[in-house]
Amino acid sequence: MLTATLLLLQAPTVYVSTLNGRDGASGDLGAPMASLTEAVRKVEKAGGGIVVVEAPVTNPIREVLDAKAAVNLTVKGSNGAEWFMTAAETMKGWEKRGDDWETTWPAKASTLRGVWMGSAPFGKPALLRPVKKGDLAPGTFSQNGSKMRVRLSNDQDPNAFGVQASVRRACVWVRNGGGKLTLMGAKMRGGYEGTVLIRNDKDGTKVSLAAQDCSAWYGESGWRVVGYESETVLTRCEGGYTENDGFNLHGRKNVKNVMRLLECRGIGNEDEGASPHDDTEMYIEGGLYADNKYSGFCSVGNAYAEITGATFRNNHSAKNDPTEGGISFKGNSRGKVVRVKLEGNVGTPVFSANPNTLTIVKD
4 MLTATLLLLQ
14 APTVYVSTLN
24 GRDGASGDLG
34 APMASLTEAV
44 RKVEKAGGGI
54 VVVEAPVTNP
64 IREVLDAKAA
74 VNLTVKGSNG
84 AEWFMTAAET
94 MKGWEKRGDD
104 WETTWPAKAS
114 TLRGVWMGSA
124 PFGKPALLRP
134 VKKGDLAPGT
144 FSQNGSKMRV
154 RLSNDQDPNA
164 FGVQASVRRA
174 CVWVRNGGGK
184 LTLMGAKMRG
194 GYEGTVLIRN
204 DKDGTKVSLA
214 AQDCSAWYGE
224 SGWRVVGYES
234 ETVLTRCEGG
244 YTENDGFNLH
254 GRKNVKNVMR
264 LLECRGIGNE
274 DEGASPHDDT
284 EMYIEGGLYA
294 DNKYSGFCSV
304 GNAYAEITGA
314 TFRNNHSAKN
324 DPTEGGISFK
334 GNSRGKVVRV
344 KLEGNVGTPV
354 FSANPNTLTI
364 VKD
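Mind the numbering: the sequence shown is residues 4 to 366 in the numbering used here, read in order.
What follows is the structure, encoded as structure tokens:
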């Protein structure tokens with residue numbers, strides 16, 4: 004007990020600022036670092052601790068928070084304030100090519116599922132959807148390696164707008180087998196593998212993330228889990244306006260990755276608000292899952308899910324799948340739905356491919 008107390012007392016607090024931080028600074032309160040990566044490595048080397056970030060919306064963090072050490076690490080805003088990260092950048096240097104405009108995309112990823120136009124990354128921009136073959140219609144884009152083409156509505160010049168694309172894999176990458184990352188107050192945008200990527204590549208270890216009052220928008224998914232064992236606990240967090248799911252949960256065969264969503268919001272996504280796959284487990288308590296192109300919630304494969312007291316509103320705008328609607332249990336997935344609210348969803352309010360494996364409690 005004494006040893007644990009001494010370690011807690013010795014755990015450092017390191018300060019980072021995008022406004023007045025300096026490379027090579029000590030990271031003390033009066034001498035913040037400029038680099039979040041440098042601060043995280045300093046805390047990891049010390050065996051764990053706290054990083055306090057000052058990064059306003061006008062000057063966000065433009066690095067990946069890579070939590071890869073088996074330590075307890077907390078990253079939070081200065082004086083409890085929100086702090087901002089982006090994995091997306093405004094594409095510049097557009098040149099006219101027939102009806103389209105072309106520029107170079109500087110990142111290295113196989114495929115982008117979406118490009119955003121407007122006030123990205125911190126407003127609510129319009130999504131440009133991908134076209135794999137043929138001519139571009141207004142409101143679409145195509146990608147061929149490092150070349151990107153867009154065609155905006157009314158054939159507008161993209162140089163006059165904030166056309167944004169993800170250039171980093173994620174804002175946060177959690178691969179801390181044996182450790183735990185705690186995020187507080189982070190407002191994150193973009194990420195071509197997910198805005199927050201929880202990926203455990205080491206069998207026999209467990210990756211852990213806890214987040215409070217954070218948002219993950221405009222990425223491949225908001226919060227994306229893959230790989231070996233992990234636990235993700237999110238409280239009052241948002242996964243929204245993504246190219247896939249707000250909360251996307253995967254795992255290797257027979258690996259029961261767990262995600263707990265407490266009063267969270269999955270809104271405006273191109274697929275589902277929340278979606279567990281494979282052999283994973285998802286537990287949803289309260290919150291809102293609304294305005295998603297397909298279901299507010301959809302489980303796939305052998306996933307197990309319990310949903311209690313959440314609201315599912317105005318989902319399945321695609322209107323093209325009778326198995327979609329408010330809540331959908333597909334494949335061999337199973338679970339329990341308790342006292343949920345279903346409002347204005349298109350299609351089936353609650354669908355189950357195997358009704359005998361789903362318990363529904365209305366009162």
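Heads up, the beta-carbon is just placed ideally off N, CA and C, and yes, glycines get one too.
Please report the residue range of the alpha helix (DSSP H) in which L398 lies.
What the structure shows of the chain is the stretch from 4 to 366, and residue 398 is not part of that stretch, so it cannot be assessed.
Count the C-beta pairs between the region 321-333 and the region 347-355 that are closer than 8 Å, then say yes if the count reaches three, no if not.
Between the region 321-333 and the region 347-355, the count of C-beta pairs closer than 8 Å reaches three or more; the two stretches touch.
Can you list, in chain order, the residues of its chain whose CB lies under 7 Å from that of S298, leaving out five sequence neighbours each side?
If you number the sequence shown from 1, residue 298 lands on position 295. Here the set comprises E275, N318, H319, E327, G328, G329, I330, S331.
Which same chain residues end up closer than 8 Å to N257 when comparing Cβ atoms and leaving out the 5 residues on each side of it in sequence?
If you number the sequence shown from 1, residue 257 lands on position 254. Result list for N257: D282, in chain order.
Which two residues bound the contiguous beta strand (DSSP E) that contains K150?
Working through the sequence shown from its first residue, we reach residue 150 at position 147. Residues 150-154.
Measuring alpha carbon to alpha carbon, tell me which residue in G142, E98, S302, I363 is nearest V341.
In the sequence shown, residue 341 corresponds to position 338, counting from 1. Measuring C-alpha to C-alpha distances from V341 to each of G142, E98, S302, I363 identifies I363 as the nearest.
Less than 8 Å between the CB atoms is what I'm expecting for A277 and F250, so what's the real figure, rounded?
On the sequence shown, position 274 is the one that residue 277 refers to. On the sequence shown, position 247 is the one that residue 250 refers to. Indeed, because the Cβ distance is near 4 Å, the residues count as touching under 8 Å.
Tell me which residue opens and which closes the beta strand (DSSP E) that F315 is part of.
Taking the first residue of the sequence shown as position 1, residue 315 is located at position 312. Its beta strand (DSSP E) spans residues 314-316.
Tell me whether G329 sits in a helix, a strand or coil according to DSSP, three-state version.
Along the sequence shown, one-based indexing puts residue 329 at 326. In the structure shown, G329 sits in a strand (DSSP, three-state: E or B).
Using C-beta distances below 6 Å, list every residue in its chain close to T185, excluding the 5 sequence neighbours before and after it, in chain order.
Counting from one through the sequence shown, the residue named residue 185 turns up at place 182. For T185, where only same-chain residues beyond five positions count, the Cβ hits under 6 Å are T77, A213.
For E241, the nearest candidate out of M187, N62, R25, K205 (CA to CA):
Locating residue 241 in the sequence shown gives position 238, counting from the first residue. Cα-wise, what sits closest to E241 is M187.
Three-state class that DSSP yields for N147 in the structure shown
Within the sequence shown, the letter at position 144 stands for residue 147. Strand at N147.
Inspect the CB distances between the region 83-90 and the region 100-108 and report whether three or more fall short of 8 Å.
no
I201 lies in the beta strand (DSSP E); which residues open and close that run?
By one-based count along the sequence shown, residue 201 stands at place 198. Residues 199-203.
When we look at the beta-carbon of G197 and count the other beta-carbons within 10 Å, is it buried (16 or more) or exposed?
In the sequence shown, counting from the first residue as 1, residue 197 sits at position 194. By the 10 Å Cβ count, G197 comes out buried.
Sequence-distant residues of its chain with Cβ nearer than 6 Å to L291 (five each side left out):
Taking the sequence shown and counting its residues from 1, one reaches residue 291 at position 288. Excluding residues within five positions, the ones whose Cβ falls inside 6 Å are R268, T314.
Apply the 10 Å Cβ neighbour rule to L22 and answer buried if 16 or more other Cβ atoms are within range, or exposed otherwise.
Stepping through the sequence shown from its first residue, residue 22 is reached at position 19. Exposed: under 16 other Cβ atoms inside 10 Å.
Would R316 pass as a contact of A293 if the rule is Cβ separation under 8 Å?
Taking the sequence shown and counting its residues from 1, the one referred to as residue 316 is at position 313. Taking the sequence shown and counting its residues from 1, the one referred to as residue 293 is at position 290. Yes, the pair counts as a contact, with Cβ atoms nearer than the cut-off.
If you follow the beta strand (DSSP E) that Q215 is in, where does it begin and where does it stop?
For the purposes of this step, residue 215 is taken as the residue at position 212 of the sequence shown. 210-215 is the extent of the beta strand (DSSP E) around Q215.
G148 beta carbon less than 8 Å from that of R132:
Taking the sequence shown and counting its residues from 1, one reaches residue 132 at position 129. Taking the sequence shown and counting its residues from 1, one reaches residue 148 at position 145. It is not a contact, given that the beta carbons lie outside the stated cut-off.
Could you check what DSSP says for G83 in three-state terms: helix, strand or coil?
Your numbering for residue 83 matches position 80 in the sequence shown. Of the three classes helix, strand and coil, the one that applies to G83 here is helix, per DSSP.
Using DSSP bridges, identify the partner residues of C174.
Counted from its first residue, the sequence shown places residue 174 at position 171. None, per the DSSP bridge assignment.
State the start and end residues of the unbroken beta strand (DSSP E) segment that holds Y244.
For the purposes of this step, residue 244 is taken as residue 241 along the sequence shown, with counting starting at 1. Where Y244 is concerned, there is no enclosing beta strand (DSSP E), given that its DSSP letter is neither H nor E.
Across which residues does DSSP place K339 in a beta bridge pair?
For the purposes of this step, residue 339 is identified with residue 336 of the sequence shown, where counting begins at 1. DSSP lists E309, T362 as the beta-bridge partner residues of K339.
In its own chain, which residues sit with a C-beta less than 6 Å from the C-beta of N247, not counting the 5 before and 5 after it?
Taking the sequence shown and counting its residues from 1, the one referred to as residue 247 is at position 244. If we look at N247 and ignore the five residues flanking it on each side, its Cβ neighbours are E223, S224, D274.
Out of curiosity, what's the CA-to-CA distance linking V177 and H253?
In the sequence shown, the residue the question calls residue 177 occupies position 174. In the sequence shown, the residue the question calls residue 253 occupies position 250. Taking the Cα positions, V177 is about 14 Å away from H253.
Distance check for A58 and S20, CA to CA, integer angstroms please.
The residue labelled residue 20 in the question sits at position 17 within the sequence shown. The residue labelled residue 58 in the question sits at position 55 within the sequence shown. Distance between the alpha carbons of S20 and A58 is about 6 Å.
Using 8 Å as the threshold, is the C-beta distance between G266 and G289 below it?
Along the sequence shown, one-based indexing puts residue 266 at 263. Along the sequence shown, one-based indexing puts residue 289 at 286. Looking at the sequence itself, residue 266 is Glu, so the reference to Gly does not match. For E266 and G289, yes; Cβs fall inside 8 Å.
Integer Cβ distance of A173 from G194, believed to fall under 8 Å:
Locating residue 173 in the sequence shown gives position 170, where the first residue counts as 1. Locating residue 194 in the sequence shown gives position 191, where the first residue counts as 1. That pair is a contact at about 4 Å.
Among A42, I53, V175, Q159, whose alpha-carbon lies nearest the alpha-carbon of N75?
As a first step, residue 75 is located in the sequence shown; it is residue number 72 there, counting from the start. Ranking the options by Cα distance to N75, first place goes to I53.
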